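K.L.:
Please see the structure below; I have some questions.
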Amino acid sequence: MALLDWMSDVSGPVVRGDGVLLRPPRVSDYPAWSALREASRDYLQPWEPAWAEDDLTKPAFRRRLSVYGREMELGNAWPFFVLSPDGKTLYGAVTLSNVRRGVAEMGTLGYWIGQPYAGQGFGTAGVRAIVGYAFDKLKLHRLEAACLPTNAGSRRVLEKSGFRNEGLARAYLKINGEWADHLLFGLIEDEYDRDGRPSS
1 MALLDWMSDV SGPVVRGDGV LLRPPRVSDY PAWSALREAS RDYLQPWEPA WAEDDLTKPA
61 FRRRLSVYGR EMELGNAWPF FVLSPDGKTL YGAVTLSNVR RGVAEMGTLG YWIGQPYAGQ
121 GFGTAGVRAI VGYAFDKLKL HRLEAACLPT NAGSRRVLEK SGFRNEGLAR AYLKINGEWA
181 DHLLFGLIED EYDRDGRPSS
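The opening residue of the sequence shown carries number 1 in full-length UniProt numbering; numbering runs sequentially from there.
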């Protein structure tokens with residue numbers, strides 16, 4: 001399949017941040033991804049949609065890459081793994097999705113960091129790097145993100161990355177099997193501190 005082959009190659013954007021490297025996932029990432037997700041299951045599950053029964057299998061990972069490839073070809077989403085600067089250690093992932101053009105010029109940000117690397121600044125570095133990419137390379141005007149009110153770590157990442165709390169959305173997303181309220185955050189391009197962000 002051409003899209004899967006494309007995703008398994010080195011092609012695709014590479015974004016460098018403060019102590020992190022962002023690049024699209026590859027087929028060869030499966031062992032590191034599945035191991036990190038499994039080791040972080042109890043840590044991540046309270047903040048994420050319910051995992052499918054086969055979520056960590058290789059066929060499910062290949063399907064995920066196929067979807068990512070289509071979305072990137074269409075310009076609708078930009079999924080990145082957050083890695084060490086040498087690309088050898090997987091910390092987590094950050095995704096710019098639901099990209100809307102025309103009168104909107106905006107996208108939605110999501111991210112996760114594996115439990116062994118939580119609280120070490122990798123989430124903030126990954127978010128700041130993809131924000132710079134979204135504004136400087138993709139020429140978006142606005143980014144949005146949401147987190148559960150009880151997710152202090154995720155909220156801290158957004159605030160440290162320049163996002164503003166814009167209010168509460170009731171029953172916004174189905175998280176771990178339950179409809180959950182979320183805090184909504186936004187960042188507008190001309191409010192973003194380019195001097196304080198890592199280069200991409």
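Ideal Cβ positions, reconstructed from N, Cα and C, are used throughout, including at glycine.
It should be emphasised that the depicted structure is a prediction, and the values quoted were computed from it without experimental measurement.
Taking all protein chains shown into account, do 16 or more other C-beta atoms lie within 10 angstroms of the C-beta of residue 20, making it buried, or fewer, making it exposed?
P.N.:
The residue given as residue 20 occupies position 20 in the sequence shown. Buried is the call here.
K.L.:
List the residues that DSSP assigns as beta-bridge partners of residue 81.
P.N.:
Taking the sequence shown and counting its residues from 1, the one referred to as residue 81 is at position 81. BP columns for residue 81 point to 23, 93.
K.L.:
Beta-carbon within less than 6 Å of residue 189's beta-carbon, same chain only, minus the 5 sequence neighbours each way: which residues are those?
P.N.:
Counting from 1 along the sequence shown, the entry for residue 189 is found at position 189. Closer than 6 Å at Cβ, skipping near neighbours: 135, 141.
K.L.:
Using 8 Å as the Cβ pair cut-off and three pairs as the minimum, do the region 24 to 43 and the region 120 to 140 touch?
P.N.:
The region 24 to 43, when compared against the region 120 to 140, does not touch it at the 8 Å Cβ threshold.
K.L.:
Are there 16 or more other CB atoms within 10 angstroms of the CB of residue 154, so buried, or fewer, so exposed?
P.N.:
Stepping through the sequence shown from its first residue, residue 154 is reached at position 154. It is buried - the Cβ of residue 154 has at least 16 other Cβ atoms within 10 Å.
K.L.:
Assuming the contact rule is C-beta atoms closer than 8 Å, residue 126 and residue 17 should be a hit. Round their C-beta distance to whole Å, please.
P.N.:
If you number the sequence shown from 1, residue 126 lands on position 126. If you number the sequence shown from 1, residue 17 lands on position 17. Indeed, because the Cβ distance is near 6 Å, the residues count as touching under 8 Å.
K.L.:
Beta strand (DSSP E) containing residue 42: first to last residue?
P.N.:
By 1-based counting over the sequence shown, the position of residue 42 is 42. Run containing residue 42: none in the beta strand (DSSP E); it sits in the alpha helix (DSSP H), 41 to 44.
K.L.:
Could you have a look at residue 118 and say whether DSSP puts it in helix, strand or coil?
P.N.:
Along the sequence shown, one-based indexing puts residue 118 at 118. Residue 118: coil per DSSP, three-state reduction.
K.L.:
Residue 129 and residue 99 look like a contact to me (Cβ under 8 Å); what is the Cβ gap, rounded to whole Å?
P.N.:
As a working note, residue 129 is residue 129 in the sequence shown. As a working note, residue 99 is residue 99 in the sequence shown. Rounded to whole angstroms, the Cβ separation of residue 129 and residue 99 is 17 Å, and the two are not in contact under 8 Å.
K.L.:
Ignore the nearest five residues each way along the sequence and tell me which others in residue 119's own chain have a CB closer than 8 Å to its CB.
P.N.:
Here residue 119 is taken as the residue at index 119 of the sequence shown, counted from 1. Excluding positions up to five away in sequence, the list reads 153.
K.L.:
On a CA-only basis, which of 96, 111, 115 is nearest residue 71? Give me that one, please.
P.N.:
By one-based count along the sequence shown, residue 71 stands at place 71. Out of 96, 111, 115, 96 has the C-alpha closest to the C-alpha of residue 71.
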